[in-house]
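Number of protein chains: 2
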Amino acid sequence: MIRYCILCGSVVSFSVPAGDNLPRHVCPNCGHIHYENPRLVVGCIAEHDGAILLCRRAIEPRLGFWTLPAGFMENGETTADAARRETMEEAGARVIIDAPFAMISLAHINQVHLFYRGRLASPEYSVGEESLEVAMFKPEEVPWEQLSFRSVALCLERYLNDRQQGIYNFHESQLAPP
Amino acid sequence: MIRYCILCGSVVSFSVPAGDNLPRHVCPNCGHIHYENPRLVVGCIAEHDGAILLCRRAIEPRLGFWTLPAGFMENGETTADAARRETMEEAGARVIIDAPFAMISLAHINQVHLFYRGRLASPEYSVGEESLEVAMFKPEEVPWEQLSFRSVALCLERYLNDRQQGIYNFHESQLAPP
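Below you can see the structure in the form of structure tokens.
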């Protein structure tokens, strides 16, 4: 996918740099190596009064399906910052982060999904630009058949299970291609 | 830092794309948006017979200082894969991963450091290309003054503390600029 050097605009080659063991897009002119690495998607389970905040996606992929507020972590923020920001952007809600809850590797799409658990600072939320609808769901109301992503379903399952047990663990997992 | 489009080689602009709220390097010719996101550095505390595996760095930054085996996560792998690979590459050691142990955000350098804890599959290790030396350290032998990175020191401190308490937790933290 990388054809031109970001620094000098030369056509890059795809070769193993000295001291490396994987091929990279390397610039034959200025020597810049274009590393590509997995991205962190960070989100949050925000609870209030026994119900969980979900957003119905207004954007692809999975437009119209329900999700936990989550998105790509940005440069210059911590993982917890990212969870709070996404919850505000997608659901207009201020969340108090309690702890990291789940980390799921999706090697086939070069992503790591990280979910925190927390509580709404107040029972206020609104529909963000990337959402069609935002609502609170009691455990028995979760729209399992209309969830956007497998990582979201996995996270919610573990969360409701832990909640029932009365103890929250940190869950590490991985998802292979469907 | 990004001057040219990776897809078509045009000079990019730095502007806020439609529907976004942060400026990105956008190609005025083909429309490609060059997102930049934090990178995951994944490593491992590998224990054997009460001692911990450390590597003395043969590369900058912090050449000559001691570190836990760790490095940038690669596309196509899980976080646990990355921890195993780095332990093999830097210390020639096969590690059995037990659990995620610490996750440290370094917002000022756009990194998240993730450390697992585990055990050597056998008491065998060797000096990898990026290491000057590899050795096992008992808790009282850890070269605190010669550790490479603050995240490594933080992780080792928490680990030895948890080990003494007899219970391992998952530690989330952040480090501001020194």
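Sequence order for the protein chains is A and B.
Residue numbers 1 to 178, in the numbering used here, belong to the letters of the first sequence in order.
Residue numbers 1001 to 1178, in the numbering used here, belong to the letters of the second sequence in order.
Beta carbons are placed, not taken as given, at the ideal position from N, Cα and C, and that holds for glycine.
Residue i to residue j span [Cα, whole Å]
{"i": "P139(A)", "j": "E145(A)", "result": "14 Å"}
{"i": "S1015(B)", "j": "Y1004(B)", "result": "14 Å"}
{"i": "L175(A)", "j": "L40(A)", "result": "15 Å"}
{"i": "A72(A)", "j": "A1093(B)", "result": "Before going on, a small fix: residue 72(A) reads as Phe here, not Ala. Taking the straight line from one Cα to the other gives about 33 Å."}
{"i": "C27(A)", "j": "P1069(B)", "result": "29 Å"}
{"i": "F149(A)", "j": "R62(A)", "result": "8 Å"}
{"i": "P1123(B)", "j": "C1044(B)", "result": "16 Å"}
{"i": "Y1125(B)", "j": "C1008(B)", "result": "46 Å"}
{"i": "V12(A)", "j": "L22(A)", "result": "15 Å"}
{"i": "R1104(B)", "j": "N161(A)", "result": "Correcting the residue identity first, residue 1104(B) is Ile in this sequence and not Arg. Spanning the two alpha carbons is a distance of roughly 27 Å."}
{"i": "A1153(B)", "j": "L1147(B)", "result": "7 Å"}
{"i": "G1166(B)", "j": "N1037(B)", "result": "37 Å"}
{"i": "I1109(B)", "j": "G50(A)", "result": "38 Å"}
{"i": "G1076(B)", "j": "T79(A)", "result": "22 Å"}
{"i": "R84(A)", "j": "S1173(B)", "result": "16 Å"}
{"i": "E74(A)", "j": "A82(A)", "result": "7 Å"}
{"i": "A1107(B)", "j": "P1177(B)", "result": "9 Å"}
{"i": "I6(A)", "j": "G1031(B)", "result": "15 Å"}
{"i": "R163(A)", "j": "Q111(A)", "result": "27 Å"}
{"i": "Y168(A)", "j": "D98(A)", "result": "11 Å"}
{"i": "L1064(B)", "j": "D1020(B)", "result": "The residue asked about is misnamed: residue 1064(B) is Gly in this sequence, not Leu. The alpha-carbon atoms of G1064(B) and D1020(B) are separated by roughly 43 Å."}
{"i": "M1001(B)", "j": "S1151(B)", "result": "26 Å"}
{"i": "L1156(B)", "j": "F1137(B)", "result": "11 Å"}
{"i": "A1135(B)", "j": "E1141(B)", "result": "11 Å"}
{"i": "E60(A)", "j": "E1060(B)", "result": "42 Å"}
Within-9 Å CB hit, residue i to chain A
{"i": "G1076(B)", "result": "yes"}
{"i": "E1129(B)", "result": "yes"}
{"i": "Y1159(B)", "result": "no"}
{"i": "V1112(B)", "result": "yes"}
{"i": "A1070(B)", "result": "no"}
{"i": "E1036(B)", "result": "yes"}
{"i": "F1149(B)", "result": "no"}
{"i": "G1009(B)", "result": "yes"}
{"i": "E1090(B)", "result": "no"}
{"i": "T1079(B)", "result": "yes"}
{"i": "Y1125(B)", "result": "no"}
{"i": "I1006(B)", "result": "yes"}
{"i": "G1064(B)", "result": "no"}
{"i": "M1103(B)", "result": "yes"}
{"i": "M1136(B)", "result": "no"}
Contacting residues, own chain, Cβ-Cβ under 6 Å from residue i (five flanking each side not counted)
{"i": "E1089(B)", "result": "G1128"}
{"i": "P143(A)", "result": "W66"}
{"i": "S1010(B)", "result": "C1027 and N1029"}
{"i": "G118(A)", "result": "C44, A46, V95, I96, I97 and D98"}
Any C-beta of chain B under 9 Å from that of residue i
{"i": "L40(A)", "result": "yes"}
{"i": "S13(A)", "result": "no"}
{"i": "I45(A)", "result": "no"}
{"i": "N29(A)", "result": "no"}
{"i": "L22(A)", "result": "yes"}
{"i": "Q165(A)", "result": "no"}
{"i": "P100(A)", "result": "yes"}
{"i": "C155(A)", "result": "no"}
{"i": "R3(A)", "result": "yes"}
{"i": "F170(A)", "result": "yes"}
{"i": "H108(A)", "result": "yes"}
{"i": "G19(A)", "result": "yes"}
{"i": "Q174(A)", "result": "yes"}
Neighbourhood of residue i by C-beta, 7 Å cutoff - its chain only, sequence neighbours within 5 removed
{"i": "R24(A)", "result": "P17, I33, H34 and Y35"}
{"i": "R158(A)", "result": "A102 and H171"}
{"i": "R1100(B)", "result": "Note that residue 1100(B) corresponds to Pro in the displayed sequence, not to Arg. Within the same chain, P1100(B) has close Cβ partners L1114, Y1116 and F1170."}
Assigned secondary structure, residue i (DSSP; H/G/I helix, E/B strand, else coil)
{"i": "A153(A)", "result": "helix"}
{"i": "Y1159(B)", "result": "helix"}
{"i": "E1145(B)", "result": "helix"}
{"i": "E133(A)", "result": "strand"}
{"i": "I109(A)", "result": "helix"}
{"i": "E1140(B)", "result": "helix"}
Cβ shell of residue i (< 8 Å), same chain only, five flanking positions each side left out
{"i": "E133(A)", "result": "C55, R56 and V127"}
{"i": "L1120(B)", "result": "A1046, E1047, H1048, L1053, A1093, R1094, V1095 and I1096"}
{"i": "S131(A)", "result": "C55, R56, R57, A58, E90 and A91"}
{"i": "E86(A)", "result": "V42, G43, C44, P69, A70 and G71"}
Contact with chain D by residue i, beta-carbon distance below 9 Å
{"i": "A58(A)", "result": "Any reference to chain D falls outside this structure, whose protein chains are A and B."}
Query - Length-filtered (4 minimum) alpha helix (DSSP H) runs lying within the segment 56-106 of chain A - result: With a minimum length of 4 residues, the continuous alpha helix (DSSP H) runs that stay inside the segment 56-106 of chain A are 79-91.
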